[in-house]
Each structure stands twice: as structure tokens, then as C-alpha cells.
Amino acid sequence: MSGADAGPRRNSARTREALLRAATELFSERGYDRTTVREIGERAGVDPALIARYFGSKPLLYVEVLRAEHGDVAPDDLLTEPRLREVAARAERRGPVPLLRVAVQPLSDGAAQDATRAALRSRLVDPLRARFAWEGRDRPGLRADVLVAAVAGVLLARHSGAFEDLADAEVDEVVDVLLETLGGDGPAGDR
138 MSGADAGPRR
148 NSARTREALL
158 RAATELFSER
168 GYDRTTVREI
178 GERAGVDPAL
188 IARYFGSKPL
198 LYVEVLRAEH
208 GDVAPDDLLT
218 EPRLREVAAR
228 AERRGPVPLL
238 RVAVQPLSDG
248 AAQDATRAAL
258 RSRLVDPLRA
268 RFAWEGRDRP
278 GLRADVLVAA
288 VAGVLLARHS
298 GAFEDLADAE
308 VDEVVDVLLE
318 TLGGDGPAGD
328 R
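Positions in the sequence shown are counted from 1; adding 137 to them yields the working numbering.
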């Protein structure tokens, strides 16, 4: 392969990385909903249409941001205090992200729907299913689905304004109540 052939690939990789970095920064700063495809392109210094070329859509870009942030290492399950705090804090910073939304409402883009559901399963449901199976609980898959749906619902409801006390509470308070309610590994000293 000649050096001329490697140039466009290197630029493609650089462009893809710039878009991923810009999306990560903007989703963290402004949240998912308040970040536009145009802003991601501008921050990356490229045409925003390249998001569709390299990632498919904004929701698929978000799934890729998650992969880049967390790698392929299986996360702890939601019943561990640090993991639930991490998920809640991320939801607080980024708002109602596709990973939570897909738990309660289908996405309009089929590819984004499939990728986001797969990410939801691998990041949130599967670790719980494994925990419940290891503990010998009956119906570990159903238990995991119900628990993830409950957590997603609570985190999304914080942004809806329908539940005044929930919206006004600090995220750590919400996590404490969730852990207590769901029977998780609560704050040290509580058990």
C-alpha cells in the first residue's frame, strides 16, 4: 500500500475521533438533548453530515460515546452503590439519553433502536441478570428487566417535572432511596 492510499484512511480516522471527542465533551457539558449535530460538527471542525457517515445518527453516536468511555469491560450491576451513583450522575449531567429512553419508548430510527437496546442490555440488564442467577434467584432475566425499567423510569421522571419531590431532591438522595427500596448495596454502615 502506498503512502497516498493511507492518507484518506488516516484523515477518516482523525475525523471520526474528532467527532467522538466533540460529542463526548458536548454531551457531558450540555446534555444529550441540548446538544445538536451541528454543534458536534462545529466543535470537531468538520461537516456535521459526517456524523451520519461515520456513526449513522446522533443516538448511534451516543452509543459509541458510551463504548469509548467504558470500553468492553463488563460494568458492575445497578444494585452496587458506586454503579448506581455513576449511572444516576451521568443521567443528571446528560439528561434523558437514548439508553434510558429506549427502556420506556421506542426510538424512531431502527438502527439506533437496535444499538441502543443492545447497549442497554449489555451495560445495565446483563450484569443484573448475572447477579440474580449467581444468587440463585428465580427468573433472573425478569428481575433484571424490572429493576432496570424502575431505575430508568425514576431517572427519566426527574426531568419530566411530574414528581415535585423527585425533581427537587439531590441526585444522591434519589440514589439512597433507590438503593433502600431496591435492596441494593447501600451506603456503608447502612447494613
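We treat Cβ as the ideally placed atom computed from N, Cα and C, and that holds for glycine.
Is the separation between the beta-carbon of residue i and that of residue j shorter than 8 Å?
i	j	result
Ala248	Ser194	yes
Leu187	Thr152	yes
Phe192	Glu201	yes
Leu293	Leu216	no
Leu316	Glu229	no
Leu261	Val283	no
Ala160	Val183	no
Ala205	Leu157	yes
Asp170	Pro233	yes
Asp213	Arg220	yes
Ala225	Val314	no
Quick one: give me the first and last residue of the alpha helix (DSSP H) that residue i is part of.
i	result
Glu307	Unbroken run through Glu307: none, as it is neither H nor E.
Phe300	It is not in any alpha helix (DSSP H) - Phe300 carries neither H nor E in the DSSP assignment.
Pro264	Asp263 to Trp271
Ala252	Gly247 to Leu257
Leu293	Pro277 to Ala294
Arg238	Pro235 to Arg238
For the putative contact between residue i and residue j, defined by C-beta atoms under 8 Å, what is the C-beta separation to the nearest angstrom?
i	j	result
Ala351	Leu265	Any property of residue 351 remains undetermined from this structure, which presents the chain solely from 138 to 328.
Going by the C-beta, is residue i closer than 7 Å to any heavy atom of the ligand GTP?
i	result
Glu154	For the structure depicted, the ligand GTP is absent and the ligand set is empty, with no information on it obtainable.
Within the segment 150-231, ranges of the beta strand (DSSP E) (whole runs, at least 3 residues): For secondary structure counted as the beta strand (DSSP E) over 3 or more consecutive residues, the segment 150-231 holds no complete run.
Using 8 Å as the threshold, is the segment 285-296 in touch with the segment 240-247, meaning 3 or more CB pairs across them? The way I'd put it, the segment 285-296 does touch the segment 240-247; three or more beta-carbon pairs between them come closer than 8 Å.
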